[in-house]
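S.K.: Sharing a structure, written as structure tokens. Questions coming.
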Amino acid sequence: MIRLMTMQKHSSELNYAGSSVYSLRYHLILVTKYRRDVLIADIKTELEELLKSMTEQFSGKIIEINIMPDHVHMLIDASPKHSISSMMKGYKGVSARMLFMHHPEIKEKLCGGHLWQPSYFACTVSERSEDMIREYIGIGVIVPQIWALLMFRYWQALGLFVLYWPELALYAYARKEYGKRLEIKEKVVIVLSVLAGIEIISMAFF
30 MIRLMTMQKH
40 SSELNYAGSS
50 VYSLRYHLIL
60 VTKYRRDVLI
70 ADIKTELEEL
80 LKSMTEQFSG
90 KIIEINIMPD
100 HVHMLIDASP
110 KHSISSMMKG
120 YKGVSARMLF
130 MHHPEIKEKL
140 CGGHLWQPSY
150 FACTVSERSE
160 DMIREYIGIG
170 VIVPQIWALL
180 MFRYWQALGL
190 FVLYWPELAL
200 YAYARKEYGK
210 RLEIKEKVVI
220 VLSVLAGIEI
230 ISMAFF
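Our numbering puts the first residue of the sequence shown at 30, with every later residue one more than the last.
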């Protein structure tokens, strides 16, 4: 079961900082390199604390977080002082450095490489869509991940694409070079990714 950590109750209140008034909420997704299942047990617990601490350092706060073995969902209340790109760079860099230091066994699963994929998913969250996103992030608590993925709608298709295109490329290469046959799980991933691609195209024209 995936543990859901709720940091704050839903609120549409505006934030005030000096002469600025703002409301900046983002849905963020980080994916482990090669989608390796390394975010488990003590590693998962430490990562939660790291992400919470870093978000506070960025003058923000985590509203919802769901850490799965190979990726992380966060709904955050951000500050205009920091760009999303700089925050994601900080999340990846600090968490990788600390987790590698405290849990060197992770590197064995990653072949000594990076903890996170270079790509990430980030989208703004409106008051209208926030409840839906909060519900989606919490879905992992009660149903398998595969069914959670099927509940993606328009903006979520981009998240699917970010999550799975590296796997598709890897499978295509393996099949071409080594004649590797796809397993059922891999076929499901391909179908979901194709559906996500169709959704992205439809968003561009409709």
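Where is the CB? At the ideal position from N, CA and C, for every residue including glycine.
In the DSSP assignment, find the unbroken beta strand (DSSP E) run with valine 101 in it and report its ends.
M.R.: 100-107
S.K.: Report the three-state DSSP secondary structure of leucine 43 (helix, strand or coil).
M.R.: coil
S.K.: Pick from Glu77, Ser82, Glu137: whose alpha carbon is nearest that of lysine 62?
M.R.: Glu137
S.K.: According to DSSP, is leucine 76 helix, strand or coil?
M.R.: DSSP, reduced to helix, strand and coil, places leucine 76 within a helical segment of the structure shown.
S.K.: If I measure Cβ to Cβ from arginine 65 and keep anything under 7 Å in the same chain, skipping five residues before and after, which residues do I get?
M.R.: Asp99, Lys138, Leu139
S.K.: Grouping DSSP H, G and I as helix and E and B as strand, with all else coil, what is phenylalanine 87?
M.R.: Phenylalanine 87: coil per DSSP, three-state reduction.
S.K.: Since I believe serine 124 is in contact with leucine 80 (beta carbons under 8 Å), could you give me their beta-carbon distance rounded to a whole number of angstroms?
M.R.: 7 Å
S.K.: How big is the Cα-Cα spacing for lysine 110 and serine 88?
M.R.: The C-alpha of serine 88 is placed about 8 Å away from the C-alpha of lysine 110.
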